[in-house]
Structures are given as C-alpha cells and as structure tokens.
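Sequence lines, in order, name chains B, H and S. Our numbering numbers the first residue of the first sequence as 161 and each following residue consecutively. Our numbering numbers the first residue of the second sequence as 7 and each following residue consecutively. Our numbering numbers the first residue of the third sequence as 190 and each following residue consecutively. From the three backbone atoms N, C-alpha and C, an ideal C-beta is built for every residue, glycine too.
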Amino acid sequence: MKRARMLYGLSVVAILALVLSACATPTPQVIKETTVVKETVEVTKVVVATATPETVPEKKGYKIAMVVKNLGNPFFEAAKKGCEEAAKELGDECIFQGPATPTAEGQIEIIDALIAQKVDVIAITANDPDALVPVCKKAMDAGIKVVTWDSAVAPGGRQIFVNQADMEQIGRIEVQMLAEMIDYKGQIAILSAASTMTNQNTWIEWMKEELKDPKYKDMELVTVVYGDDLREKSYTEAQGLFKSYPELKGIISPTTVGIAAAARALTDAGLCGKIALTGLGLPSEMAEYIKSGCCKEMALWNPIDLGYMATYVSHLMASGEITGKPGEKLTAGKLGERTVVDDGAGGGMVLLGPPFKFNAENIDEWKNVY
Amino acid sequence: MTSLTKAPPKRFIMLSLLLRWEWLLVLLIIVACFVNASLSRYFLDVDNLFDMTFNFMEKSLVALPMTFIIISGNIDLSVASNLAMSAVIMATAFQSGLNIWLAVLLGLCIGTIGGLINGLLVSRLRLPALAVTLGTYALYRGVAFVLLGDLVVKGFPDSFIYIGQGNVLNTPVPVPLLLFSVMAVVFGLVLHRTAFGRLIYAIGNNEEACRYSGVAVNRIKVIIFALSGFMSALAGVIMTARFGSVRPNIAAGLELDVITAVVLGGVDIFGGQGSILGVVLALFLMGITRFGMSLKNVPGQVQSTLIGFLLILAILLPQLLRRFALRSRG
Amino acid sequence: MSVIARKKRRSVLLTIAGVRETGISIFILLLVVVVSLRSPYFLTVSNIKDVLMDIAILSIVAIGEAMVIITRGIDLSVASTLALAGMAVGMTISSHPEIPPGGALLMGMGIGAVLGSVNGLLVTKGHIPPIITTLGTMSIYRGLVFAISGGAWVDADEMTKEFIGMTKGEILFIPNLVFMAGIVAIISYYFLNHTSTGRQIYALGSNPTAARVAGIHVHRNLFLAYLISGILCGMGGVLWISRYASAQSDTAVGFELQAIAAAVVGGVSTLGGSGTIPGVLLGSLLLGIVVNALSLVHISPFWKLAVQGLIILAAVVTDALLSRRLQQSRSAEGTS
Numbered sequence: 161m162k163r164a165r166m167l168y169g170l171s172v173v174a175i176l177a178l179v180l181s182a183c184a185t186p187t188p189q190v191i192k193e194t195t196v197v198k199e200t201v202e203v204t205k206v207v208v209a210t211a212t213p214e215t216v217p218e219k220k221g222y223k224i225a226m227v228v229k230n231l232g233n234p235f236f237e238a239a240k241k242g243c244e245e246a247a248k249e250l251g252d253e254c255i256f257q258g259p260a261t262p263t264a265e266g267q268i269e270i271i272d273a274l275i276a277q278k279v280d281v282i283a284i285t286a287n288d289p290d291a292l293v294p295v296c297k298k299a300m301d302a303g304i305k306v307v308t309w310d311s312a313v314a315p316g317g318r319q320i321f322v323n324q325a326d327m328e329q330i331g332r333i334e335v336q337m338l339a340e341m342i343d344y345k346g347q348i349a350i351l352s353a354a355s356t357m358t359n360q361n362t363w364i365e366w367m368k369e370e371l372k373d374p375k376y377k378d379m380e381l382v383t384v385v386y387g388d389d390l391r392e393k394s395y396t397e398a399q400g401l402f403k404s405y406p407e408l409k410g411i412i413s414p415t416t417v418g419i420a421a422a423a424r425a426l427t428d429a430g431l432c433g434k435i436a437l438t439g440l441g442l443p444s445e446m447a448e449y450i451k452s453g454c455c456k457e458m459a460l461w462n463p464i465d466l467g468y469m470a471t472y473v474s475h476l477m478a479s480g481e482i483t484g485k486p487g488e489k490l491t492a493g494k495l496g497e498r499t500v501v502d503d504g505a506g507g508g509m510v511l512l513g514p515p516f517k518f519n520a521e522n523i524d525e526w527k528n529v530y
Numbered sequence: 007m008t009s010l011t012k013a014p015p016k017r018f019i020m021l022s023l024l025l026r027w028e029w030l031l032v033l034l035i036i037v038a039c040f041v042n043a044s045l046s047r048y049f050l051d052v053d054n055l056f057d058m059t060f061n062f063m064e065k066s067l068v069a070l071p072m073t074f075i076i077i078s079g080n081i082d083l084s085v086a087s088n089l090a091m092s093a094v095i096m097a098t099a100f101q102s103g104l105n106i107w108l109a110v111l112l113g114l115c116i117g118t119i120g121g122l123i124n125g126l127l128v129s130r131l132r133l134p135a136l137a138v139t140l141g142t143y144a145l146y147r148g149v150a151f152v153l154l155g156d157l158v159v160k161g162f163p164d165s166f167i168y169i170g171q172g173n174v175l176n177t178p179v180p181v182p183l184l185l186f187s188v189m190a191v192v193f194g195l196v197l198h199r200t201a202f203g204r205l206i207y208a209i210g211n212n213e214e215a216c217r218y219s220g221v222a223v224n225r226i227k228v229i230i231f232a233l234s235g236f237m238s239a240l241a242g243v244i245m246t247a248r249f250g251s252v253r254p255n256i257a258a259g260l261e262l263d264v265i266t267a268v269v270l271g272g273v274d275i276f277g278g279q280g281s282i283l284g285v286v287l288a289l290f291l292m293g294i295t296r297f298g299m300s301l302k303n304v305p306g307q308v309q310s311t312l313i314g315f316l317l318i319l320a321i322l323l324p325q326l327l328r329r330f331a332l333r334s335r336g
Numbered sequence: 190m191s192v193i194a195r196k197k198r199r200s201v202l203l204t205i206a207g208v209r210e211t212g213i214s215i216f217i218l219l220l221v222v223v224v225s226l227r228s229p230y231f232l233t234v235s236n237i238k239d240v241l242m243d244i245a246i247l248s249i250v251a252i253g254e255a256m257v258i259i260t261r262g263i264d265l266s267v268a269s270t271l272a273l274a275g276m277a278v279g280m281t282i283s284s285h286p287e288i289p290p291g292g293a294l295l296m297g298m299g300i301g302a303v304l305g306s307v308n309g310l311l312v313t314k315g316h317i318p319p320i321i322t323t324l325g326t327m328s329i330y331r332g333l334v335f336a337i338s339g340g341a342w343v344d345a346d347e348m349t350k351e352f353i354g355m356t357k358g359e360i361l362f363i364p365n366l367v368f369m370a371g372i373v374a375i376i377s378y379y380f381l382n383h384t385s386t387g388r389q390i391y392a393l394g395s396n397p398t399a400a401r402v403a404g405i406h407v408h409r410n411l412f413l414a415y416l417i418s419g420i421l422c423g424m425g426g427v428l429w430i431s432r433y434a435s436a437q438s439d440t441a442v443g444f445e446l447q448a449i450a451a452a453v454v455g456g457v458s459t460l461g462g463s464g465t466i467p468g469v470l471l472g473s474l475l476l477g478i479v480v481n482a483l484s485l486v487h488i489s490p491f492w493k494l495a496v497q498g499l500i501i502l503a504a505v506v507t508d509a510l511l512s513r514r515l516q517q518s519r520s521a522e523g524t525s
C-alpha cells in the first residue's frame, strides 16, 4: 500500500517535471515524451525549426510569422511546407502558428504575442476579416508588415493580399465544371463551410452571377446549406440535400471538408453517378472518390505554392523591395514573376494563378503531394 | 473536496491554511512569470503585459457571476451564446439607426433577460441547470444566427470602440482591465461581505435546508442567473468594441474557458466554497501562461494541453502535499 | 378474481405510464407526426435507417456518458477520447493495412480503456472532482491527437475497403452500426439493471455516503464507470473514422455536449443515481430526429440552431413536468 502511494507520488512528480521541462524548452520535449508513433522525428524537427526565435544570436534574415485559421487542418499543413521551403531559400525564419480552434479570438491572442516579439512580417489567413482589423492595425503601427493570404483581412487591416486565384474565376469555374457534368440541366445545391466564411460567401456570389448566363437557364440553384467545415455535420447536410430534393442533379462544395464529406455520403447512399459532385478539394483526400467517379472533376490551387508565395511576398515587403502598390513587379522564387494588381479596394494584390483542375488522369501524381 | 473525500484531521489546519488555494495560485503565478521572463526577453515589458490583458477580459467579466452560480451549486453553459445574442441584437439595433449607447443599453437588457429565463426555468420549474443552459446554449446562439445570418455589423463610432481597445487617459492601463477591476471588487464585496453573498454559499451547501429555513432560494437563483446574463452582455459589448465588428459566431467555446478559470480558482464545483480572489488569480494565471506560451510560439493545441495539465496539477498537488505531510507526521 | 385481474391491469397500466421515459416518448411521437406532415421523405425506410446510423455512435458514447453521470460525475473528455482513439487507430491501420476491422475495433477500445482509466484514477485516487478531471483531460487528449499526428490526417485512400466497409454493411436488414449500438445497449442494460455492480453504481450515485456505509466499494465502482465510458468512446472513435473515412485532429470537436445532451434529455439526472439505458437511447434518438428533420424540411440554415435549442428545452421541460405529474399521481394512488 505504502509503496503504491509512493509510486503514485513519484509518477505525479514525473509528470510535473515533464510539464516544467516542456515549458523550459517549448514543445519538442512534450511531443517527444508523449508520442508513441513513428512520425515523432518529423514533428520534432518541424517544431524545433519554428520555435527558436531567440536562441539564434546573429540575426539572419527576417522573422516571418504565418498565422493560419487553425492548426491540424490539412490545407494549412500543406501551406506550411511552402512557407518552410521559401524561408529556407531566403534565409528567413518561418514561424508557423495558429489557434487550436478556428476563432478570431484565438488569432488575435497570437498576433498580440507576435507583436510583442517584434516579428518582421505577419502573414495571416483570417477567421473573421473584420474582427482582425484592429489588431492588424496595431501590428502595422508597431512597424510590422501585414500580409494576408487565402482568406483576407478587410482592406483597412492589410498591406498586401496574396490571392490564391481570382475570386470570380473560382466561383465561375465551379459552376462550369458542374454544368459540364450534368449537361446544363437540373437542380443543383451548394454545400458550404460556415455561414460566416467570407471566402466561401464571395465564391457563392460569383456562382450565382455565373448562373445568370442564359446557357444555364435549365439549371436551378435550390439551396445553400452549411456544414461548418465539420465532417459529421457536412455529411448529414449532404444526406439532407439528396433526400429533401429528390430531383437533385448536382452539388458544388467550395470547401475541402465539405466536398470530402459529400463524396462519402454519396458513396454510402449509392448515389455516385446519379448526383454529380464538384468543388474545391484536396487531391489526397479526394483521390478515392475521383478514381471511383463519384467526383469526376474538382479544382484547387496548390496550397504549398500558396504558402511559398505568401512567404516570398512577406520577405519582399519586409525588405522594402515592394510596398504593396499596384504595378510593382516581383519575383517569387520558383514561381517566377508576378505583378501587384489592384485588389478592387484600393490596395495591392498578388495572384498565385488560375485554379488547377484534378480528374482521374492527373490525380495519381498529385495525391501524394498535398 | 468531493463529497467522497475525507476531511483532513484538525491538527493540520495550520498546514491547510498555508496551503490555501489563493497562496498556491500566487505561487504558480510567480513561477509562471519567472519561467516566462527567463524564456523570453519580451515578457517583462509593461506595455506588453498590459496589452496581454485585452485578450482575457471578456472571459474574466463572465467568470465573476459564474463564480456565484457555481458556488450556489449550479452551472451556466449558455454564457457565450448569450454574449453573442446580446451583442448581435445591440449591433443590429445600432445598424438600424439607434444611438450606440441606447443600443448598448438594449444589449445589456437582452442579456439580462436571457439570464432571467435560465434562472426562472432552473428555480420555478426546478430543472437541472446543466440541462436548461445546454438548451439555451443552442437557443441563444441560434437567435444570433437568425438575426444576422452570414452578415457582419461594423462601423461603430470611435467613442464606442474606445471601451474595447483604448487605454485609460495617458496610462498604459486598458479600459476593459479597469472595468474588470471595478467589477471584481464589487462582486467580491457582494459575495464576501453581504447577507446575499452568505446565502449563495448557504444554498450551495444545502439547498433543502435553506428552503426549510425560509430563504428565498428561488429569488436568489433568478438574481444570480440574471446577473450572469447581464455580465455576459457586458462582455459582449467589450468584445464588439475590441473587434470593431460583430458576427453571430463570436466567443464560441468561451464557456469552457470561463468554467476552467473558476474551478482553477478554487471554487468547489459541487457548490458552497470558493472566493472571488481565487478566481481573479486563476484568470491571471491562465492569461500569463497563455501569453508566455504564445511568445514562444507554442502551437495552439499544445497550449490547451498544458492548460489542462495545469488544471489537474493545481488540484492534485496540494492534496499530495497534504498526504505526504500527513504520512511524515503520522 | 375480477378484483385481482383489475388490480393487475391497473398495475400494468401504471408501469407503462409510470415509466421514466414516457415524457420523452410522447415528445418524440409528436415530433415524428409534425415532421412527417412537413416532409414525405421522413418516414421512408432509407431515411429511418439513416437516422439510426447517425445516432448509433452518439448513443454508444452517450451510454458511457450516462454511466458516469449516474455516479454523480460528468465526462467532458468523451469527444477528445474518441478523437485520440480514432487517430491512433487510423494511423496504425494506414501503416498496417493487414489489421482486420475487428482488430482495429479492439485496439480502439483498448486505447479508450487506458484513457478512461486515467480519468478514473484521477477521480478516485487523486480525489479530483470529475468535471475538473475531464475538463483537463479533454484538452490534454485533444492536444495528444495533434501531437501524435503532427497535424497530419488519415484519409479514405489510406484505409482498407474492409475497414470502411465495417460500418456500411447490413445484418438482416439492420445496418452494422445500429447492430453494434444495439449490442452495446443490451449489454449495458443488463449490466446496470441485473448485476450487483450495476446496482452499486446507482446506489453510490444516489447517496455516496450511504453507499460507503453499506459496504459498497465506492472507488472501484467509480473507476469502472470512467473505464467503461473510455472503452465506449474508443469504440466510437474507430466507428467514427470508419463511417466518415477520415481521421483528423479536429474530429468530433464539441461532441461531448451532444453526448451530455442525449443523456440529460433522456432523463439521466445530473444529480446522480437515476437514468436508464432506454432513456439514453431515446435521448439520442430525439437529437438525431431533430438534426435529420431540420435538414429535410426546407428551413433557412440560420434557423436550425435556434430550433434545435428550443426543442431540447421543450423536451427537458415536458419530461420534467410529466414525470413529476406521474410521480404525484402514483404516490396519491399508493396512499389511497
């Protein structure tokens, strides 16, 4: 009995020591101690690379902080690869950070800490374009360059926007792909992320715009539902779609979580081929469904390239080589030359390129990339 | 602590006094500051330290009435949803032309009504608070979505923005911090120095006995739930001003942070015990720990993991010390 | 003779009317009638199957949650346990596709058992109140999901057909998932109502002091409740990643509130000591029907959450009022 107690006490002390040591040398320790899976090595390496801001005495390059919507999201994990690749080429440091859940509150807390650390650039993809404006202004007042990418902060809170692809083009292309699949006829529905996501909402506006073209006169958008980027909710919403609209011919899901959940729901219900599916999806997640023909074609840009580009733009902003005014030219490493264009709100914007289409012919070469 | 734990023998009262929760929290705060300062040269900076508090003042405001509610043996899961609902109603009223300060008043009223509904359901119908507030947790957030959908309200006047983003006069003290300090003192006085406060403890210790001895249990419950609603709305006002905008999804998940802070502050989850001071210390402990970790760019998930460890350790540690002390003497 | 018969009939009626689940059953029936008037697809076989599949995992987790709540505790870590078990199993099967689905299920339950015992140990040996323990482990387990996966995910391509198929097939027209939930429910029902350990769990929930005095091993039984909850969450985790063919670090975020809602709506008292397995199943069914119905009737997506909240509230209120009324009439009957 006594012995058991002592063991118990000892184990608690061990846990305490573990936590303290974790505090002392940020995360690697914790992960090392708690991980049981092979991936450890890679994880530790990454964390070490991102969590040594002050241990390097001679300052080489810039501190570029990439703040994403939430950690553990496949799309952003891919963007991180691009950030690290670009930072290595430029001799900069890529601080990859994000809250545990996709909230504006969490991002603000992180940005506050980044301002306190006096990083050189904050490159952010916003959970809420408006709520982040005050803190981004604060960052700019502190002399930090604010770059926004993927999901933009509202114009007052950014200096340049790295846009994955033209919003209009993304919206239109999704309708065009679906129209091809269903022969320009029948009811269609949209399965979106959360109703507060500006990206998705803008794309949906452009989809509606595209649908006004007379060639789509036989296609009818019956509803827009929201799966909140939660797998089970998106799955249930997709099910609800094909039950409440028995005549439904096609679904567009402009979100990577939504399209994968919809593909699963279609497969399970045996409706592949009867209801067409397209949208924006990650090749690795969608490989199975593209091969099975459940989703014949979908689009996406390369998130690795997007992270790479955002990091290059961040570097150039920090060094003052560009200031974010339309008309400026820049070279983004392996991606080549780009021109800063007008973002329509008086600021500058850099475009990654047109969205890339994935189908049965090219999916195999991409599914292992991201 | 739980009803299953044996009370410590009398001769260790001295020891347990030393091990009072508040002291432990003070100690932990000192440790956290020390660790943070030694790890990051940006930590010990007056501006940074004051700036950091912006991030947890809304939680702190809500934690005060939550302390009352938990001491009385209840719980309120609807605080974050109520916050969102009242902020959205305030914002839509402002958007449709109402003076901003009247809109704020309206928002505060709505929040109070939301709390009142919880209180009435819990007290008059004698429903469990957990079940009721789980329902209003969905309902109030739902109302926010019904009203605003995928839209946003922004364009608030500077005088309003000031209460969420500004500093007091020319000092580095943020306005929300000042507001919270005043509120904390008021709540502390009410809980520890008034008959009303003592009744909250009494209800938490033995509700039935209170009823038999003629305490207006129902009325007190309604009041503290309404108070919780009011403070949630106030936090909503501050958050709106801090963000300069409102969406129906603001403050999602805030209720769990608030409850974590309250229990970390030494409030007995079964009611009857706890102090405002402990909760305030716990709020700052959590805030400082989070800020320190953010300075070291610890990923969000790992941060919450460590907060989880902190919560368990803070409660396990004094018990272990007590047990070791007991053994070494016995 | 006739007197006896009448008495017998009355007692049968009373047991039916007096069953704890009457309130919620009536509520569910009402809801079904209303929804089927609004949507013709609601009462189709395929839709009923979908509803049952949707609530299968919820009810498995909610049963574990209910056991903990019956002991006067609460388990907030269920969703994180589910996600952690799901991720660990997902990563294992993606690197070892030779593991059969059954093995994966056992592995998930094993991991769940370990995580549940940690909760149990902290509550019993550590004397930490359940809500604090599980609030802490909720964050810890969720963090571990992120730590072991490094933010990566396991997708459909990395899972075997058999594994994904585990939750898709049917046995005698009953979907596998529903079948498994049924087995869990039957075993739990037997365990709670017909074993002495089950009885002791109720006893210690309704009055821990008396239970200890009566010689019930309080700690052992408490520990057991958390262990069972963990095992069921582990099982739920494997079924989850099989059903949705994906394991991610944000799997099932917020699911703990649904599990608690299912138990509480199903009449499990948060004061401990009362609650039944059929009640939990009905609670899960109610939540499942609401979600399904809201996606079937053409309602603005922005209204869904508000309606969901209203229905939960209405169910809780109806149930409380009805069961109180029944109790009163029964005690009146008893004294007359």
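Just to check my reading of the structure: residue i and residue j have Cβ atoms closer than 8 Å, yes? What is that Cβ distance to the nearest angstrom?
i	j	result
Met-357(B)	Val-335(B)	With 8 Å as the limit, Met-357(B) and Val-335(B) do not qualify as a contact, their Cβ atoms being about 19 Å apart.
Ala-247(H)	Ile-167(H)	5 Å
Ala-286(B)	Thr-308(B)	7 Å
Arg-507(B)	Gly-484(B)	The question names Arg, yet the displayed sequence has Gly at residue 507(B). Between Gly-484(B) and Gly-507(B) the Cβ distance is about 7 Å, and since that is below 8 Å, they are a contact.
Ser-404(B)	Pro-490(S)	12 Å between Cβ atoms; not a contact.
Tyr-530(B)	Ala-246(B)	Going by Cβ atoms, the distance from Tyr-530(B) to Ala-246(B) rounds to 15 Å, so no, they are not a contact pair.
Thr-416(B)	Pro-234(B)	7 Å
Leu-471(S)	Ser-214(S)	6 Å
Can you check which of these residues, the options, is closest to residue i by C-alpha distance?
i	options	result
Ile-252(S)	Arg-514(S), Asn-236(S), Asn-481(S) and Leu-474(S)	Leu-474(S)
Ala-299(B)	Val-281(B), Gly-496(B) and Ala-339(B)	Val-281(B)
Val-158(H)	Ala-144(H), Leu-183(H) and Ala-90(H)	Ala-90(H)
Asp-502(B)	Val-322(B), Thr-491(B) and Leu-250(B)	Val-322(B)
Ala-99(H)	Gly-79(H), Ser-78(H), Val-128(H) and Ala-150(H)	Ala-150(H)
Asp-301(B)	Pro-289(B), Ala-291(B), Asp-310(B) and Ala-276(B)	Ala-276(B)
Less than 8 Å between C-beta atoms, sequence neighbours within five positions excluded: which residues of the same chain meet that for residue i?
i	result
Phe-518(B)	Gly-441, Pro-443, Met-446, Ile-450, Glu-457, Met-458, Ala-459, Leu-460 and Trp-526
Val-268(H)	Ala-69, Met-72, Thr-73, Ile-76, Gly-280, Val-285 and Ala-288
Lys-227(H)	Ser-78, Asn-80, Gly-125, Val-128, Ser-129 and Ile-209
So, for residue i: in the same chain, excluding its five sequence neighbours on each side, which residues have a beta-carbon less than 6 Å away from its beta-carbon?
i	result
Leu-50(H)	Ala-43
Ala-239(H)	Ser-92, Gly-113, Leu-114 and Gly-117
Give every residue of the same chain whose Cβ lies closer than 7 Å to the Cβ of residue i, excluding the five residues on either side of it in the sequence, and list them in chain order.
i	result
Gly-433(B)	Gly-453
Cys-115(H)	none
Hey, would you say the C-beta of residue i is under 7 Å away from at least one heavy atom of the ligand SAM?
i	result
Lys-451(B)	For the ligand SAM, the structure offers nothing, since it holds no ligand at all.
List the residues that DSSP assigns as beta-bridge partners of residue i.
i	result
Gly-439(B)	Ser-413(B)
Phe-516(B)	Leu-460(B)
Ser-526(S)	Nothing can be reported for residue 526(S): it is not among the residues displayed for chain S, which extend from 190 to 525.
Ile-363(S)	Ile-360(S)
Met-226(B)	Phe-256(B) and Ala-283(B)
Please list, in chain order, the chain D residues whose beta carbon lies closer than 7 Å to that of residue i.
i	result
Phe-368(S)	Annotation note: the requested chain D is absent from the structure, which comprises protein chains B, H and S.
*asked:* To be precise: take each residue of the region 234–253 of chain B, compare its Cβ to all Cβ atoms of chain S, and keep it if any distance is under 7 Å. Which residues remain?
replied: Pro-234 and Glu-237
_Along the region 255–271 of chain H, where does the CB come closer than 9 Å to a CB of chain B? Name the residues._
Asn-255, Ile-256, Ala-257, Ala-258, Gly-259 and Leu-260
*the region 290–312 of chain H: which residues have C-beta closer than 9 Å to a C-beta of chain B, in chain order?*
Thr-295, Arg-296, Phe-297, Gly-298, Met-299, Ser-300, Leu-301, Lys-302, Asn-303, Val-304, Pro-305, Gly-306, Gln-307, Val-308, Gln-309, Ser-310, Thr-311 and Leu-312
*For the region 220–252 of chain S, which residues have a beta carbon sitting closer than 7 Å to at least one beta carbon of chain B?*
Ser-228, Tyr-230, Asn-236, Asp-239 and Asp-243
_Near-chain B residues of the region 152–177 of chain H - C-beta to any C-beta below 7 Å_ = Gly-155, Asp-156, Val-158, Lys-160 and Gln-171
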